[in-house]
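Note that the sequence shown ends on residue 272 in our numbering; no numbers are left out.
Here a beta-carbon is modelled for each residue, glycine too, at the ideal position from N, C-alpha and C.
A quick note: this is a predicted structure, and the numbers were derived from the prediction, not measured.
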Amino acid sequence: LITDHNVRETLGLVDRAYIIHSGRVLTEGSPAEIIANADVRRVYLGEDFRL
222 LITDHNVRET LGLVDRAYII HSGRVLTEGS PAEIIANADV RRVYLGEDFR
272 L
């Protein structure tokens with residue numbers, strides 16, 4: 222279990238991630254799936270995020 226706000230480092234280490242927003246699981250998946258998820262980009266990463 223890793224809890225961190227450094228998404229670039231964390232997604233580079235894991236095979237699967239869970240994104241929590243407002244106390245609930247927003248989504249889960251591979252790093253590629255997390256980065257491509259529109260909700261994750263909207264509330265967490267930002268539209269211009271690049272790994």
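Identified DSSP bridge partners for residue 250: In the DSSP output, where bridge partners are listed per residue, residue 250 has 238.
DSSP beta-bridge partners of residue 245: According to DSSP, residue 245 bridges with 242.
If you reduce the DSSP assignment to three classes, tell me which class residue 266 lands in. In this structure, residue 266 counts as helix in the three-state DSSP scheme.
Given a cut-off of 9 Å on the beta-carbon distance, is the pair residue 299 and residue 240 in contact? This structure gives no information on residue 299, because the portion of the chain shown stretches from 222 to 272.
Is the beta carbon of residue 262 closer than 9 Å to that of residue 268? Contact flag set, yes.
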